[in-house]
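Have a look at the structure below before the remarks.
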Amino acid sequence: MNEWDAIIIGGGPAGLTAGLYLCRGKFRTLLIEKGSVGGYIMNVELIENYPGFPDGIPGAELGMQMKEQALRYGLEVERAEAIAVQASASRKVVTSASGSTYACKALIIAGGSRPRKLGVPGEERFWGSGVITCAFCDGGLFTDRVIAVCGGGDSGITEALYMANLASRVIVIEAKPSLTATAVLQERARANPKIEIRCSTRVTAILGDGRVTGIEVSGESGGKEVLPVDGVLVHVGLEPNTGYLAGSVPLDEGGQVQVNTWLETPVPGVFAAGDIRSGSPRQVSAAVGDGAIAAISAQRFLQRLT
Ligand SMILES: Cc1cc2nc3c(=O)[nH]c(=O)nc-3n(C[C@H](O)[C@H](O)[C@H](O)COP(=O)(O)OP(=O)(O)OC[C@H]3O[C@@H](n4cnc5c(N)ncnc54)[C@H](O)[C@@H]3O)c2cc1C
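Under this note's numbering, the first residue of the sequence shown is numbered 1, with each subsequent residue one higher.
Laid out in structure tokens, this is it:
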């Protein structure tokens, strides 16, 4: 089995920053990524709140540049899905879905999160066709059509604004009495004539036969109504990608990895960074900061071993 000083699970902003720091410190480091190196931002049209880019920067471009910078210092990358972690103080072993094993002394968990499902009838049936989670990836399917966007937080409104460039109409459905997105995003959504906002409203079913034809919603009064739509985009919160970690590191009640301020888990030499760690504000700048902190903590741990 091949051995590294450090392994990072997840190649988003947190994992790539950690990789950059560790490689600049001359620690042999492997990054394991199951999808696109760059992480979730590869699907975000424009990042406007990452410092240093006054006009914003396309998420894919930022992700590519983070990757290039880390590779330049020698970060090794393996395309694989981590499905199990065995951790003792001196040695950690990561097992991939294909059965390969990778060993290291320090492990940084930076696997991010994924959109939570609505859990209503019809969702599973149309998942990936009429029901999507990424406007940038699949929004084109709804060009000149009507789409419902479930979720009035930052990510839901960002997706609704993107969809308004393609769709004929966008209906934002938010269960809370008001949107929770940042004020500037709310202003843009309210000013967009294609976007209709319905608060205090829940989707109770996704309807259709061969394709999505509508959603059943219930409002404040509890009365049900059917809205004709051609698709549904779901952004009602995020779930950490920690299913495979249960039993290896402590998770909080939301499934995020428990860490202290140095991003150490209670298992010596295991750290967590970015959206996946307990209390994360789930922002790129925070993930980058986490990557740096976790890498510095890992370096101190590795130096103590020698
Ligand atoms: C629609 C939307 C818009 C957003 N817009 C903004 C914005 O404008 N500004 C901002 O600051 N933030 C924004 N965010 C949040 C931002 O994308 C995240 O905070 C950031 O990507 C977190 O980085 P991360 O490295 O922790 O995780 P991620 O970027 O999620 O990266 C984690 C990586 O780990 C991989 N992975 C997961 N599990 C495994 C496994 N078992 N094995 C191998 N690989 C694994 C995943 O494939 C992924 O590539 C947005 C989020 C969404 C959903």
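Glycine is no exception: its CB is placed at the ideal position from the N, C-alpha and C atoms. Bear in mind that the values here come from a model prediction, so they are computed numbers and not experimental data.
Please classify residue i as buried or exposed, where buried requires at least 16 neighbouring CB atoms within 10 angstroms.
| i | result |
| --- | --- |
| residue 191 | exposed |
| residue 114 | exposed |
| residue 357 | Since the first residue shown for the chain is 1 and the last is 306, residue 357 is missing from the structure and cannot be characterised. |
| residue 143 | exposed |
| residue 226 | exposed |
| residue 278 | buried |
| residue 300 | exposed |
Using a threshold of 7 Å, is the CB atom of residue i nearer than that to any non-hydrogen atom of ligand 1?
| i | result |
| --- | --- |
| residue 275 | yes |
| residue 39 | yes |
| residue 177 | no |
| residue 123 | no |
| residue 29 | no |
| residue 330 | Examination of residue 330 is not possible in this model, given that the chain is present from 1 through 306 alone. |
| residue 34 | yes |
| residue 44 | yes |
| residue 187 | no |
| residue 284 | yes |
| residue 165 | no |
| residue 307 | Since the first residue shown for the chain is 1 and the last is 306, residue 307 is missing from the structure and cannot be characterised. |
| residue 11 | yes |
| residue 363 | Outside the shown range of the chain, which is 1 to 306, sits residue 363, and nothing can be said about it. |
| residue 99 | no |
| residue 159 | yes |
| residue 129 | no |
Less than 8 Å between the CB atoms is what I'm expecting for residue i and residue j, so what's the real figure, rounded?
| i | j | result |
| --- | --- | --- |
| residue 258 | residue 250 | 5 Å |
| residue 17 | residue 291 | 3 Å |
| residue 10 | residue 112 | 6 Å |
| residue 107 | residue 269 | 7 Å |
| residue 80 | residue 32 | 5 Å |
| residue 134 | residue 49 | With a Cβ gap of about 19 Å, residue 134 and residue 49 do not count as contacting. |
| residue 294 | residue 263 | 4 Å |
Q.
Going residue by residue through the region 99-130, where are the continuous beta strand (DSSP E) segments of at least 3 residues, counting only ones entirely within it?
A. 101-109 and 113-115
Q: Give, in chain order, every unbroken run of the alpha helix (DSSP H) that is at least 4 residues long and sits entirely within the region 236-306.
A: 284-305
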